[in-house]
Amino acid sequence: MSSDPYKFLFSYPDAKQTLSARKVHIRRLYDILELSIHRSDFVRAKKAWSILVRCKEVNWRVMWRTGALLVGKHDDPVAAARERLEYLTTMMLQHPEARESVIQEMILQLVASRQYRRALDELELYLPSPPFQENSVLHAYAGLICLYLAQPNRAADVSSEGRSLRDAQQYLDRARYLDPNNLVAAAWSDAIPQLSTSADDRITPVSDDEDMTLDGAGQRVKRART
51 MSSDPYKFLF
61 SYPDAKQTLS
71 ARKVHIRRLY
81 DILELSIHRS
91 DFVRAKKAWS
101 ILVRCKEVNW
111 RVMWRTGALL
121 VGKHDDPVAA
131 ARERLEYLTT
141 MMLQHPEARE
151 SVIQEMILQL
161 VASRQYRRAL
171 DELELYLPSP
181 PFQENSVLHA
191 YAGLICLYLA
201 QPNRAADVSS
211 EGRSLRDAQQ
221 YLDRARYLDP
231 NNLVAAAWSD
241 AIPQLSTSAD
251 DRITPVSDDE
261 DMTLDGAGQR
271 VKRART
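For the sequence shown, the working numbering gives the first residue as 51, with consecutive numbering after it.
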């Protein structure tokens, strides 16, 4: 609660400023915004947000997470995901101080919309450069996405599967090095050698009883059922 005579429901990002009549109205509007979000009344929350971001006293860039929550709240999930990604891309440019947090949110949005390859492409673009290269969470995300993409499927060959596992190992090892307390990275980093062995075992030796000739195309390789 505020020490001022005015009582507000929620803590405001810049609560230490002197309260004028206008700022009291802004604080009341912020309470409406937060209360509407807590009640899942996103229509009212978006109306309050649209007013707040037009107020010069409001640093809406600091509240980018609230904007990300409200953007794209409609019935079309594809359009909603696209709008959120566009918003986060804009935040990367408008609020560079928070770009590590913004790209983390962007990766989560891409994964939620099943755009795994694009999520990995974004990570591969940013991870080689500072400050992202020292971010344990982003390296862990990259490793986990590589693990997902390494899952065997009929369209992918074994070499690409092994390459994804090796990439996952490198990313997770890096995440573990940057943050020894990252239990997710540590657990999967330890598990990958066993996964690699299982991937190798999916190719079995050719039986002596099998026909070794396939119209001159070379030896036949028998794959175990998955």
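Heads up, the beta-carbon is just placed ideally off N, CA and C, and yes, glycines get one too.
At which residues does the alpha helix (DSSP H) containing residue i begin and terminate?
| i | result |
| --- | --- |
| W110 | No alpha helix (DSSP H) contains W110, which DSSP labels as neither H nor E. |
| Q144 | 127-144 |
| L175 | 166-176 |
How is residue i classed by DSSP in three states: helix, strand or coil?
| i | result |
| --- | --- |
| V103 | coil |
| G122 | coil |
| A225 | helix |
| V208 | Legend: pLDDT at V208 = 45, less than 50; position of this residue unreliable, no value from coordinates given. |
| L89 | First, the residue type needs correcting, since residue 89 is Arg and not Leu in the sequence shown. R89 falls in the coil class under three-state DSSP. |
| A200 | coil |
| S163 | coil |
| P243 | helix |
| K57 | coil |
| S179 | coil |
Under the rule that 16 or more other beta-carbon atoms within 10 Å means buried, what is residue i, buried or exposed?
| i | result |
| --- | --- |
| E174 | exposed |
| Q219 | buried |
| D217 | buried |
| S86 | buried |
| L143 | exposed |
| R226 | buried |
Under 8 Å by Cβ, that's how I've got residue i and residue j pegged, so tell me the actual separation to the nearest angstrom.
| i | j | result |
| --- | --- | --- |
| F92 | K123 | 5 Å |
| S186 | L215 | With a Cβ gap of about 20 Å, S186 and L215 do not count as contacting. |
| S239 | D223 | 6 Å |
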